[in-house]
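Quick note on numbering: the sequence shown equals residues 152 to 541 in the numbering used here. The beta carbon of each residue, even a glycine, is placed where N, CA and C say it ideally should be.
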Amino acid sequence: MADVPERYHSLDHLRAVAMFLGIYLHTAIAYMSSEVPWAIHDPARSEFFDVTVGAIHLFRMQLFFFIAGFFACMVQRRMGAWPYLKRRLSRIGIPLLGGMIVVLPPVFVAWEWGEEVAGQESVIGEFSKWPESFDEIPTGHLWFLEYLLIYYLAVYLFSRPAEKLERNGFNARADRTFARLMRSWWKPLALMSGTFWLLLAGPQVGEPESAGVTIIPTWNGLLYFGIYFLFGWFLFRQRGLLSELLRFRSVNIVLLIVGFLAYGASMEEWLRTEVTSGPVWWIGSLGAELFCWTAIFLFTGMFLRRFDKPTRWSRYAAESSYWFYIAHLPLVIALQAVFFPWNANAFVKCGTVVLISTLVLLASYDWLVRYSIVGTVMNGKRLRARKEAT
152 MADVPERYHS
162 LDHLRAVAMF
172 LGIYLHTAIA
182 YMSSEVPWAI
192 HDPARSEFFD
202 VTVGAIHLFR
212 MQLFFFIAGF
222 FACMVQRRMG
232 AWPYLKRRLS
242 RIGIPLLGGM
252 IVVLPPVFVA
262 WEWGEEVAGQ
272 ESVIGEFSKW
282 PESFDEIPTG
292 HLWFLEYLLI
302 YYLAVYLFSR
312 PAEKLERNGF
322 NARADRTFAR
332 LMRSWWKPLA
342 LMSGTFWLLL
352 AGPQVGEPES
362 AGVTIIPTWN
372 GLLYFGIYFL
382 FGWFLFRQRG
392 LLSELLRFRS
402 VNIVLLIVGF
412 LAYGASMEEW
422 LRTEVTSGPV
432 WWIGSLGAEL
442 FCWTAIFLFT
452 GMFLRRFDKP
462 TRWSRYAAES
472 SYWFYIAHLP
482 LVIALQAVFF
492 PWNANAFVKC
502 GTVVLISTLV
512 LLASYDWLVR
522 YSIVGTVMNG
532 KRLRARKEAT
């Protein structure tokens with residue numbers, strides 16, 4: 152379609168940042184002062200990592216699914232429903248299957264090694280065994296690819312009924328309602344009312360599910376992340392409303408702080424008592440969603456304002472981030488184990504692991520992946536630049 156733009160560089164950049172933040176998050180977990188299930192709990196710790204990991208974890212994947220929904224609507228309109236589904240099955244399905252076969256086994260090996268180095272009780276023993284039934288197959292950190300495939304399939308199956316709704320005027324009415332919502336200052340409050348209740352059935356405060364444990368997704372998780380996907384889809388239908396994310400910045404900052412403080416206080420109480428219901432759970436869930444929606448609006452607005460121009464490095468980063476995220480976890484855990492005995496502070500250790508991981512992943516992408524069949528499957532075919540004759 153002629154009215155469908157070629158690219159939204161700001162959202163390309165933001166999606167890449169969401170992927171790269173995953174590397175920091177999975178590194179910093181080892182250096183948190185509070186212990187969550189992880190391969191290594193390093194003796195060098197800082198509460199700084201509790202705060203940053205908590206903040207990033209509250210909105211990163213929700214942001215990713217919002218952007219995925221936005222681009223899904225864009226590309227499906229350009230290509231058509233069936234051609235788009237076929238492309239997604241290739242670019243998402245093959246990396247998911249390949250990652251589960253090639254990447255997850257080294258994750259389990261590195262994890263067990265890390266637990267041994269740290270002298271910790273194993274939390275992954277059952278997952279590292281050969282699964283005896285389908286529901287015992289884990290997806291690990293690749294769970295989001297399975298969710299994307301489900302959403303893309305749902306979009307395809309709903310494409311015909313959506314055409315009938317379009318003719319009946321339903322879509323126009325829905326678009327008008329969405330536009331009124333987007334132009335309001337209270338949109339994060341309205342949107343959180345549709346998502347926070349799904350957190351009430353989660354395994355801990357602020358979590359809709361334990362993602363990646365099994366290949367069978369939960370309805371709770373699918374609905375939760377699906378709302379963010381649909382938000383992106385509807386926003387592309389009226390992409391002129393993107394500019395509304397630049398407004399009400401001061402209000403969103405205040406709501407962001409309130410949400411994070413409410414979540415943090417509830418999370419601290421949950422870690423102390425492990426309550427599974429009541430005011431702590433409600434306040435924590437409301438705070439988590441308030442923080443999540445306002446963080447999405449603020450970060451998207453910032454990237455629309457500051458990073459909406461294409462550059463050579465940013466396009467490279469956007470393409471490489473997919474490989475970085477799929478491949479990073481065994482490397483990060485192995486490096487955490489290697490540096491466990493090192494007598495350095497938490498910031499030096501975390502920074503060293505992030506730096507080495509980034510350099511190794513960058514070299515592997517540039518030398519082994521980008522121009523290979525793997526790179527073609529993930530991002531489309533790339534040709535090496537030919538040197539001009541002198």
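In the three-state scheme derived from DSSP, where H, G and I count as helix and E and B as strand, residue 465 is classed as helix. Counting other Cβ atoms within 10 Å of its Cβ, residue 252 stays below 16 and is therefore classed as exposed. A direct Cα-to-Cα measurement between residue 170 and residue 471 gives close to 10 Å.
Here the alpha carbon of residue 241 sits roughly 20 Å from the alpha carbon of residue 166.
Straight-line spacing of the CA atoms in residue 245 and residue 528 works out to 8 Å. DSSP, read as helix, strand or coil, puts residue 197 in strand. According to the DSSP assignment, residue 188 belongs to no alpha helix (DSSP H), since it is labelled neither H nor E. Across the structure, residue 173 and residue 335 are spaced so that their CA atoms are roughly 31 Å apart.
When the Cα atoms are used, residue 266 and residue 485 turn out to be separated by approximately 11 Å. Judged by their CB atoms, residue 435 and residue 414 are nearer to each other than the 7 Å cut-off. Residue 313 and residue 232 have their C-alpha atoms spaced approximately 11 Å apart.
Three or more beta-carbon pairs drawn from the stretch 195-206 and the stretch 497-517 are found closer than 8 Å, and the two stretches are therefore classed as touching.
Under DSSP, residue 183 takes part in a beta bridge, and its partners are 197. The residue from 494, 481, 461 and 478 with its alpha-carbon nearest to that of residue 159 is 461. Less than 7 Å divides the Cβ of residue 442 from the Cβ of residue 209. Taking 7 Å as the cut-off, the beta carbon of residue 386 is found no closer than this to the beta carbon of residue 215.
Contact between residue 177 and residue 513 does not hold, since the beta-carbon distance rounds to 17 Å and is not under 8 Å. If you compare the alpha carbons of 409, 307 and 390 with that of residue 339, the shortest gap goes to 409. Straight-line spacing of the CA atoms in residue 390 and residue 318 works out to 21 Å. Scanning 411, 365 and 522 for the CA closest to the CA of residue 203 turns up 411. Residue burial is scored here from C-beta neighbours: residue 341 has fewer than 16 other C-beta atoms within 10 angstroms and is therefore classed as exposed. When the five nearest sequence neighbours on each side are left out, the beta carbons in the same chain lying within less than 8 Å of the beta carbon of residue 397 are those of 452, 455 and 456, in order along the chain.
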